[in-house]
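The next block holds one structure in the form of structure tokens; read it before the comments.
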Amino acid sequence: MEEEQLKKKPRRKPAGKTVAAAVMLIGVLALLFMAVRFVRHRMAYAVTDAVFVRTDSLVTIGFDRVNGRLAVMNKKEGDAVRRGEVLAAIDPAVYRLRVKRLTAELAEARQNKEGLGILLDRLRQEIKLNEAIAAGRVEELSRQRASLLAKAEAIQAEIEQLARDRTRLETLYKVKAVSQTRAETIDTDLVSKQKMKKSVEEQARAVAASMAMARNRVKLARAGRLRLPETEKEIQALADKIKGLVAARATAQHDLGNCELKSPINGRVAKRFLTVGSIVSPKKAVLSLIDPRDVYLVALLEEGKLHGVEPGAAVSISIDAYPDRKFRGRVEDILPATAATFALAPRDISAGEFTKVAQRIPVRISITSGDTSLLRVGLGGEVEIKRQ
304 MEEEQLKKKP
314 RRKPAGKTVA
324 AAVMLIGVLA
334 LLFMAVRFVR
344 HRMAYAVTDA
354 VFVRTDSLVT
364 IGFDRVNGRL
374 AVMNKKEGDA
384 VRRGEVLAAI
394 DPAVYRLRVK
404 RLTAELAEAR
414 QNKEGLGILL
424 DRLRQEIKLN
434 EAIAAGRVEE
444 LSRQRASLLA
454 KAEAIQAEIE
464 QLARDRTRLE
474 TLYKVKAVSQ
484 TRAETIDTDL
494 VSKQKMKKSV
504 EEQARAVAAS
514 MAMARNRVKL
524 ARAGRLRLPE
534 TEKEIQALAD
544 KIKGLVAARA
554 TAQHDLGNCE
564 LKSPINGRVA
574 KRFLTVGSIV
584 SPKKAVLSLI
594 DPRDVYLVAL
604 LEEGKLHGVE
614 PGAAVSISID
624 AYPDRKFRGR
634 VEDILPATAA
644 TFALAPRDIS
654 AGEFTKVAQR
664 IPVRISITSG
674 DTSLLRVGLG
684 GEVEIKRQ
């Protein structure tokens, strides 16, 4: 009887199995929910962890044209710098001496040019004056000679008249029509006039000789003009020399100014390549500077994830170095070439061997919110780009 009653009672399932089944069901549902959420999230967002902090203001600077021993280094790595601040300097003694020497040579050349200019002006004035004096002397002597020749002609006319008078008086003296004294007076006057004519002719010849000398002085004065082109050439040569010295001194002054290495940006020292005492050559890297405020992200997005990613898309950013801090940004640009295009060792498929590899497209992302002062160039992270 008791056995029949026991057979009629339903068996109860163990409580442990029920709980386990419930937990499994909840777990399956949770996994399903998470899977659906994950799929929907990946459909709505392009996610990648190939993310790097970059900057366009990383500047490596060095001395432009000068070389020498590094004498001053005012900054160390991590120090803040301001635009125009002197960061380092080489010993400027050689360049300072060069500027001093060229300045002295320039002053001497200018002084010589000024002296030649004064000499040229004086030569022009002297030549002009000497020509005028010599020409005036020739003209004066010419007038004197003409006057003497005219006087000689007048005396010759008197001599001829006295000769005629003498002939007439000799005839009259023979017939006792005139006295002997009168005849002798005519002879005396004739001799006197002849002597006077001779003296005047000698004076005329002396004046003619003086005229010849005066004409030579005119030629000599005019020959002095030949010195003018030579002096002008010397002045032009000095002008060319001065022009070259001015350019050389300007270059030397520029080089002297370049002995100081100044910061081209506001930022910080990212890398110091040399120390005090190092030998510096032109274009050799001394410091690398960076502007911490000018940072952005480059995400290398697989080509299969590129759909829906467009400029202006919102981006959620997580930086590995600061996992508890969130940053936001937006897609600024999708670059026109894959990352592999600029690889140092590009793939060689000329032999026909080819393995398909998903290419990554660089996507530039600007940071719109978050403390960018924490970021360092080269840091990695992860981004989620909202597809449009």
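Everything in the sequence shown is counted per the working numbering, starting at 304 for the first residue and increasing by one. Heads up, the beta-carbon is just placed ideally off N, CA and C, and yes, glycines get one too. What you are looking at is a predicted structure, and each value in this text was computed from that prediction instead of being measured.
- C-alpha of G611 to C-alpha of R596: approximately 29 Å in a straight line.
- For I622, the uninterrupted beta strand (DSSP E) run begins and ends at 617-622, by DSSP.
- The beta carbon of L419 sits closer than 7 Å to the beta carbons of T534, E537, I538, L541 from its chain, once the five residues preceding and following it are set aside; these are given in chain order.
- K587 sits in coil when the DSSP states are folded into three classes, being neither helix nor strand.
- Fully enclosed alpha helix (DSSP H) runs of no fewer than 4 residues are not present anywhere in the region 370-408.
- Nearest C-alpha to L529 among S676, I430, G365: I430.
- S360 and V680 have their alpha carbons spaced roughly 10 Å apart.
- Per DSSP, the unbroken beta strand (DSSP E) holding V350 starts and ends at 348-358.
- Looking only at V549, L548, E443, the smallest Cα-Cα distance to A511 is reached by E443.
- Taking 8 Å as the cut-off, the beta carbon of L465 is found closer than this to the beta carbon of K496.
- According to DSSP, R571 shares a beta bridge with A383, I593.
- For the pair S669 and G632, the CB atoms are nearer than the 8 Å cut-off.
- Beta-bridge pairing by DSSP links T554 to no other residue.
- The closest CA to that of L423, considering only G527, D594, Y599, is found on G527.
- One thing to note: A435 has its Cβ no nearer than 8 Å to the Cβ of A517.
- Between the region 499-507 and the region 361-380 there are fewer than three C-beta pairs closer than 8 Å, too few to call the two in contact.
- A distance below 7 Å between beta-carbons, with the five flanking residues on each side excluded, links G684 to the following residues of its chain, in chain order: V354, I620, S621, I622, D623.
- DSSP places E613 outside both helix and strand once states are collapsed to three, so it counts as coil.
- The DSSP-derived three-state label of S566 is coil.
- The distance from the Cβ of E606 to that of Q662 is about 5 Å, consistent with a contact at the 8 Å cut-off.
- At the C-beta level, V660 and A602 stay beyond 8 Å of one another.
- The alpha carbon of I582 has as its nearest neighbour, out of Q447, R372, R571, the alpha carbon of R372.
- S669 carries a strand assignment under DSSP once its states are collapsed to helix, strand and coil.
- Between L432 and R469, the beta carbon gap of about 54 Å keeps them out of contact (Cβ cut-off 8 Å).
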